[in-house]
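Working notes, beginning with the structure itself.
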Amino acid sequence: MIDEKPVAATTEEVVAELRKREAFVMVSHVKPDGDTLGAGLALGLALKRLGKRVHYFQGESIPRNLRFLADADLVSNVVPADFPSDALWVFCDMSDTGRAGETLPQLSRENILDIDHHLGNAHFGALNYVLPHECSTGTCVMHLLRAMNVPITPEIATCLLTTIMTDTGGFMHSNTTPEVLMLSAELIGSGADKEQITEEIFANKRFPALKLLGRALGEAKMAHQGRYMWSFVDDAMLAECHADGEDTEEIIGYLRSVEGVEVAALFKAYDGEIRVSLRSSGRINVQAAASRLGGGGHFRASGLTYVGSLPDAIAAVDAALVAEGL
Ligand code: AMP
Ligand code: MN
Ligand code: MN
40 MIDEKPVAAT TEEVVAELRK REAFVMVSHV KPDGDTLGAG LALGLALKRL
90 GKRVHYFQGE SIPRNLRFLA DADLVSNVVP ADFPSDALWV FCDMSDTGRA
140 GETLPQLSRE NILDIDHHLG NAHFGALNYV LPHECSTGTC VMHLLRAMNV
190 PITPEIATCL LTTIMTDTGG FMHSNTTPEV LMLSAELIGS GADKEQITEE
240 IFANKRFPAL KLLGRALGEA KMAHQGRYMW SFVDDAMLAE CHADGEDTEE
290 IIGYLRSVEG VEVAALFKAY DGEIRVSLRS SGRINVQAAA SRLGGGGHFR
340 ASGLTYVGSL PDAIAAVDAA LVAEGL
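Numbering (the numbering used here), first residue to last: 40 to 365.
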């Protein structure tokens, strides 16, 4: 059988391209998280120190708990009119350009650099720095910065440590390897503010988030002999708790943490769409399950957007999980 797995760009190739270009647009994915933003901001801050022009593109607003990151106030969906047409658009932490949202302008492939750690990345760029064994897109960026010999300032270090702490769940997920801890130690040594990251991202919950968690846990259902736990959040629940989408983040972790649960799902049916978060304890590949329904992600954490009704979404996800061995 022919191995059709796409070949990733080498660190040297990407560094040469970063040195060659003069202007960059950092692109983060919709519903931005600490990895997609932290990776782009860290690379942008470093490139600016090399005298390059940098813009940060994001179609939505920055979540409250990530506004402390350096340059987060510069992120916008408007690219300055005089921005060079040969700017390199650097996509961070996404498998395909669709994840950048509908406000993304038309781009030619030669102006795209894809930096990512997702399984099943579509290799949509001229260069694809796709390293699925990395814990975060931020650690991919860290390898590039090291190869370029750019100094890691405290601001850059905080952005990079944010990517690691976000995607390892505060060093708790199975992707927390010895190397990840060594990189983190190096970042703290460079001035990364671990306390601030902990405070802002993990310890700064709003009261509405707590009430919403209670509501969602109240709706939780167990299936498949206790191996599957799922719940949902809809517009009415958000209104009742005075909560918004940012307040849903913690819920899926609680569902997954229940004894005997192998897969957890949270159906987020609000704002006119149904987005599904899936988490696995390690036996079932939820990236494969999400891919069956047009989504993606990682072995243990994935997501998808379902077009249809909530009952249909619940049935479709159940079937996809069963097909993956649940
Ligand atoms: P979430 O549950 O939203 O935190 O997402 C978990 C993982 O699944 C992340 O790595 C996302 O990049 C990925 N993911 C979430 N939604 C989608 C989607 N609609 N398409 C592809 N990947 C997704
Ligand atoms: Mn992400
Ligand atoms: Mn990531």
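Note that the Cβ used here is the ideal one computed from N, Cα and C, for glycine as well. A quick note: this is a predicted structure, and the numbers were derived from the prediction, not measured.
Given residue i as reference, the closest of the options once Cα atoms are compared
| i | options | result |
| --- | --- | --- |
| T176 | G137, H162, L84 and G77 | G77 |
| T142 | F96, D121, V114 and G159 | F96 |
| G342 | V315, A248 and A120 | V315 |
| D310 | A161, Y345, G335 and K250 | Y345 |
| D351 | N243, F306 and L127 | F306 |
| R138 | S67, L108 and T202 | S67 |
| R331 | R318, A359 and E52 | A359 |
| N104 | G335, L158, D72 and R322 | D72 |
| G79 | M65, L256, R92 and A85 | M65 |
| A355 | F338, A328 and G335 | A328 |
| A248 | K233, A340 and A278 | A278 |
| L294 | S320, C280 and M276 | S320 |
| G140 | G336, M276, R245 and V69 | V69 |
| H337 | G164, V297 and G159 | G159 |
Where residue i falls: helix, strand or coil (DSSP)
| i | result |
| --- | --- |
| L166 | strand |
| L368 | As shown, the chain starts at 40 and ends at 365. That puts residue 368 outside it, with no answer to give. |
| F246 | helix |
| I101 | coil |
| I323 | coil |
| M211 | coil |
| L89 | coil |
| A161 | coil |
| L113 | helix |
| L57 | helix |
| L127 | strand |
| V346 | coil |
| L143 | coil |
| V219 | helix |
| G83 | helix |
| A340 | strand |
| G334 | coil |
Residue burial classification, residue i (beta-carbon count within 10 angstroms, cutoff 16)
| i | result |
| --- | --- |
| F130 | buried |
| S223 | buried |
| R254 | buried |
| L366 | Residue numbering for the chain in the displayed model covers 40 to 365; residue 366 lies beyond these limits and cannot be assessed. |
| P193 | exposed |
| Q326 | buried |
| N167 | buried |
| I41 | Caution applies to I41, whose pLDDT of 47 falls short of 50 and renders its modelled position unreliable; the value that the coordinates give is listed next. Exposed, because fewer than 16 other Cβ atoms sit within 10 Å of the Cβ of I41. |
| E363 | buried |
| D132 | buried |
| E218 | exposed |
| L349 | exposed |
Interface flag, residue i vs chain C, CB-CB below 8 Å
| i | result |
| --- | --- |
| M261 | No chain C appears in the structure shown, which is made up of a single protein chain. |
Quiz item: Residue ranges of each alpha helix (DSSP H) run of no fewer than 4 residues wholly in the stretch 168 to 205, ordered along the chain?
Solution: Runs of the alpha helix (DSSP H) inside the stretch 168 to 205: 176 to 187.
Quiz prompt | Contact the stretch 264 to 272 vs the stretch 290 to 305: 3+ CB pairs below 8 Å | solution = Yes, since at least three Cβ pairs between the stretch 264 to 272 and the stretch 290 to 305 fall closer than 8 Å, the two stretches touch.
Quiz prompt | Uninterrupted alpha helix (DSSP H) stretches inside the stretch 229 to 315 (no shorter than 4 residues) | solution = Whole alpha helix (DSSP H) segments, 4+ residues: 233 to 236, 246 to 257, 274 to 280 and 290 to 295.
Quiz prompt | contact_flag[the stretch 91 to 105, the stretch 224 to 231] where n(CB pairs < 8 Å) is 3 or more | solution = Not touching, per the Cβ criterion.
Quiz item: Is the stretch 54 to 63 touching the stretch 111 to 120, taking contact as three or more C-beta pairs under 8 Å?
Solution: Using a Cβ-Cβ distance cut-off of 8 Å, the stretch 54 to 63 and the stretch 111 to 120 are not in contact, since fewer than three pairs of beta carbons, one from each stretch, lie closer than that value.
Exercise. Pair every Cβ in the stretch 240 to 247 with every Cβ in the stretch 210 to 217, then say whether three or more of these pairs are closer than 8 Å.
Key: Here the stretch 240 to 247 makes no contact with the stretch 210 to 217; the two share fewer than three CB pairs at distances below 8 Å.
Practice problem: Decide if the stretch 181 to 193 is in contact with the stretch 45 to 56; the criterion is three or more beta carbon pairs, one per stretch, under 8 Å apart. | Solution: Remark: three or more beta-carbon pairs, one from each stretch, lie closer than 8 Å, so the stretch 181 to 193 and the stretch 45 to 56 are flagged as touching.
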